[in-house]
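In our numbering, the protein residues as written are 3 to 147.
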């Protein structure tokens, strides 16, 4: 019996005209088990039976279907994680020196204030806000040293 992630991924892929293959399922298992967004080399390191070309192709398909999201950083590798609606709402700390990405979750009060502020800014611009993603860019503790 498939778990919720399998069911949701299968539904979203089918809507996009794609199948939920074993390789795509294995990719999602790697991302679901990760504590932070992963680069393609990190994904392959965790599942060395996955071919790099297959990982590239399948991540692109999973991103288009809304199952995975890509985080672009200052280094040569984008990072990937499960789409936020499949996990929990969070933001990212992105190091502009080494490209590392860490998840950060704000308090409910701060998140509520941020939502109100962003919705107000969007309304002033004639924009209807669905949700937000916030990336904080700076230097990580290791690069600051």
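The beta-carbon is built from N, C-alpha and C at its ideal position, and this holds for glycine as well.
Quiz item: Looking at C-alpha atoms only, which residue of 8, 32, 38 is the closest neighbour of residue 47?
Solution: When 8, 32, 38 are compared, the shortest CA-CA separation from residue 47 is found for 32.
Practice problem: Kindly list the residues whose CB is nearer than 6 Å to the CB of residue 101, restricted to its own chain and excluding five residues on each side of it in sequence; keep chain order. | Solution: 75, 76, 77
Quiz item: Cα separation between residue 124 and residue 112?
Solution: 18 Å
Quiz prompt | Span separating the alpha-carbon of residue 54 from that of residue 28 | solution = Answer to the nearest angstrom: the Cα atoms are 13 Å apart.
Quiz prompt | For residue 133, the nearest candidate out of 104, 121, 15, 62 (CA to CA) | solution = Comparing Cα positions, the closest option is 121.
Quiz item: Taking Cβ positions only, does residue 122 come closer than 8 Å to chain D?
Solution: Of the protein chains in the structure, only one exists, and it is not chain D.
Quiz prompt | Of the listed residues 98, 126, 115, nearest to residue 146 (C-alpha basis) | solution = 98
Exercise. Give me the Cβ distance between residue 70 and residue 64, rounded to the nearest whole Å; I'm assuming they're in contact under 8 Å.
Key: 4 Å
Quiz item: What is the DSSP secondary structure of residue 145, reduced to helix, strand or coil?
Solution: helix
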